[in-house]
Amino acid sequence: MDIVVFGASGRIGSAIVEEALKRKHEVTAAVRNPEAFSLRHDRLKAVAADLLDPVSVAEAVRGHEEVISAFGPAAGHEGDLLKVAESLPAGMRAAGLERLIIVGGAGSLKTESGERLMDTESFPEAYFPLASAHADAYEIYRSTELDYTYLSPPSAFINGRRTGQFRIGLDRLIVDEDGRSSISIQDFAVAVVDELEEGNFSRERFTVGY
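Note that my numbering has the sequence shown beginning at 12, numbered continuously upward.
Set out below in structure tokens:
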């Protein structure tokens, strides 16, 4: 496929780009500063794009098949997630694209108690603004007419490797037998590109974990 990845310079976005290239996809990294983008590959190009500007989004995605957003806001700018949830679909509609995969947050996933993770006593207070913004952005994506998939990560990304082995769920946080909720960034990227190729969760949210 010919895809666009926003947030490609981040650790999750760059892992997604690398996984997509391994699987022979054509990738456009839509970043603020293409000159500073360090990844190089024959099937990879970098273009300048501003996710907060629908016109810029439209220019970046026009002529491609699918879009992946791994955008993560800077600390103190969590509200940009909501702005992106408005500008990204608007730009895609203007360019005639419908298929979007969003790397979202874990905070709105349900725990065994039925509470959202972000509402549990053990959830770090410092992360609440980001979790809340992700949850609000998810509701905006749900209201669009796009063929979206929202992928929530587990509680933590861990140092690891690409195994291709993980569990898949819907709205409930995945934990292992010791109560840990985690995945390597490389395996998370596998889950993203699997969804890109297979399209199992059209207009749905899903999650992954060990």
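Idealized CB from N, CA, C, for every residue including glycine.
Computed from a predicted structure; not experimentally measured.
Asked                                                                                                                                         : Found
Between serine 25 and the rest of its own chain, which residues show a CB-CB distance below 8 Å, the 5 nearest in sequence each way excluded? : Ala19 and Leu50
Along the chain, where does the alpha helix (DSSP H) containing glutamate 208 start, and where does it finish?                                : 196–209
What number of angstroms, rounded off, separates the C-alpha of arginine 153 from the C-alpha of alanine 137?                                 : 26 Å
Measure the Cβ-Cβ separation of serine 166 and alanine 101 and say whether it is below 7 Å.                                                   : no
Does the distance from the CB of glycine 175 to the CB of valine 201 come in under 7 Å?                                                       : yes
Under 8 Å by Cβ, that's how I've got glutamate 89 and leucine 162 pegged, so tell me the actual separation to the nearest angstrom.           : Actually they are not in contact, since the Cβ atoms of glutamate 89 and leucine 162 sit about 19 Å apart, beyond 8 Å.
When you compare the CB positions of alanine 31 and valine 42, do they come within less than 7 Å of one another, or not?                      : no
Please report how far the alpha carbon of leucine 207 lies from the alpha carbon of serine 124, in whole angstroms.                           : 32 Å
How is the alpha helix (DSSP H) around lysine 94 delimited, first residue to last?                                                            : 91–106
List the residues that DSSP assigns as beta-bridge partners of serine 163.                                                                    : Thr218
What number of angstroms, rounded off, separates the C-alpha of threonine 39 from the C-alpha of leucine 55?                                  : 6 Å
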